[in-house]
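In the working numbering, the protein residues as written are 1 to 106.
Cβ atoms here follow ideal geometry from the backbone N, Cα and C, with glycine treated the same way.
Note that this is a predicted model, so its numbers are computed, not measured.
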Amino acid sequence: MAKKDELIVTAESLGIATEGLNVAQLEEAIADSAKSKLVDEAVVEAKTKELATAFTHEGKTYGLSDLTPKTLKVLDDVYTQEELLQNKDAMEFLIVGNSCFIKRLK
Numbered sequence: 001m002a003k004k005d006e007l008i009v010t011a012e013s014l015g016i017a018t019e020g021l022n023v024a025q026l027e028e029a030i031a032d033s034a035k036s037k038l039v040d041e042a043v044v045e046a047k048t049k050e051l052a053t054a055f056t057h058e059g060k061t062y063g064l065s066d067l068t069p070k071t072l073k074v075l076d077d078v079y080t081q082e083e084l085l086q087n088k089d090a091m092e093f094l095i096v097g098n099s100c101f102i103k104r105l106k
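Here it is as C-alpha cells:
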C-alpha cells in the first residue's frame, strides 16, 4: 500500500486526479504526464530559440539562412551568428543588401 500512497502523492503533485485508480493506472498517468511535460518544454525551447535567432526590420522578421557561416565579416567587423543578430546596423546592412545569408521568416 505504501507504493500506491507514494504514487498518489506524486500524481496529485502533477495535478492528476487519482480517485479510483490502481497502481498500474497511476504509473501510466504519471508517465503520460512526464512525456507531456517534456513535449511542452521542447516546444517552449524551440520557440525561444526561434525568437533568439530572429531580427525584425520594418515590421518584417528575418533570420540567418543555412548558408551563413559561423563567423561573418560585416562592415569591417567579424561577428558570430549570435552577435550578428544583436547588431542592428550589420543586420540592416545585410537585409537591405539582399544578402544570401538572410532569409525572411514572416
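Original post:
Skipping 5 residues on each side, what residues in its chain have a beta carbon closer than 6 angstroms to that of F55?
Top reply: Here residue 55 refers to the residue found at position 55 when the sequence shown is read from its first residue. Here the set comprises Y62, L85, M91.
Original post:
Hey, out of V74, K70, D89, S36, whose CA is closest to Q81's CA?
Top reply: Taking the sequence shown and counting its residues from 1, one reaches residue 81 at position 81. Just measuring C-alpha positions, the residue of V74, K70, D89, S36 sitting nearest Q81 is K70.
Subject >> CB contact below 8 angstroms: A11 versus chain C >> reply: Within the model displayed, chain C is absent; a lone protein chain is all it includes.
Subject >> Cβ-based neighbour list, I8, same chain, cut-off 6 angstroms, excluding 5 preceding and 5 following >> reply: Here the question's residue 8 lines up with position 8 in the sequence shown. For I8, where only same-chain residues beyond five positions count, the Cβ hits under 6 angstroms are T18.
Original post:
Can you give, in chain order, each stretch of the alpha helix (DSSP H) that sits fully within the region 17–104 and has at least 4 residues?
Top reply: 23–52, 81–86, 88–96
Original post:
Between which two residues does the alpha helix (DSSP H) carrying K3 extend?
Top reply: Numbered from its first residue, the sequence shown carries residue 3 at position 3. Run containing K3: 2–13, per the alpha helix (DSSP H) assignment.
Original post:
Short check: CB of F101 to CB of L75, under 8 angstroms?
Top reply: The sequence position of residue 101 within the sequence shown is 101, counting from 1. The sequence position of residue 75 within the sequence shown is 75, counting from 1. Not in contact: F101 and L75 (Cβ atoms no closer than 8 angstroms).
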